[in-house]
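Student: Numbering (the working numbering), first residue to last: -8 to 146.
We put the CB at the ideal spot given by N, CA and C, even for glycine.
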């Protein structure tokens, strides 16, 4: 795959995130259900530090912040990072940083460790196997001892 050669602009990312990724879903209440699932599966609690490796529009992280989680949302698209920052929880429990999930350590080394990390949606598994292995290895290195990583795998 040659995705590293493709230039993506806001319209492409926004279309993928908000239209294509949600087509097969009954989207009413979807982000709330995802946040609830993550809260349980990752054993989150108020004050726990969480990393969203491809936060998109930040809807899920905002819901986790409302429940008391702290953390960082990483996103490759600068326009979506700006959107997330502009819609962040009033107490600013999450920071949003521009960065590539294929090399999260570059953007997040000073933010670690995290109690939990997640990568959901149609984002993991689209790259070559070696890139997927790097994503998992670097995500693991950003976790505190005993931290949990949840990855949604498609197909």
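Let me know if residue 66 comes out buried or exposed under the rule of 16 or more other beta-carbons within 10 Å of its beta-carbon.
Tutor: With 16 or more other Cβ atoms within 10 Å, it is buried.
Student: Is the beta carbon of residue 29 sitting closer than 8 Å to the one on residue 35?
Tutor: yes
Student: Based on Cα-Cα distance, which residue from 81, 73, 71, 77 lies nearest to residue 56?
Tutor: 81
Student: Helix, strand or coil, according to DSSP, for residue 107 in the structure here?
Tutor: In the structure shown, residue 107 sits in a strand (DSSP, three-state: E or B).
Student: On the CB-based measure, 16 or more other CB atoms within 10 Å of its CB, does residue 141 come out buried or exposed?
Tutor: exposed
Student: Hey, which unbroken runs of the beta strand (DSSP E) at 3 residues or more fall wholly within the region 14 to 91?
Tutor: 40 to 43, 61 to 66, 85 to 89
Student: Grab the span of the beta strand (DSSP E) containing residue 136 for me, first residue to last.
Tutor: Its beta strand (DSSP E) spans residues 134 to 142.
Student: Is the beta carbon of residue 52 closer than 8 Å to that of residue 38?
Tutor: No.
Student: What does the alpha-carbon distance come out to for the pair residue 112 and residue 72?
Tutor: 17 Å
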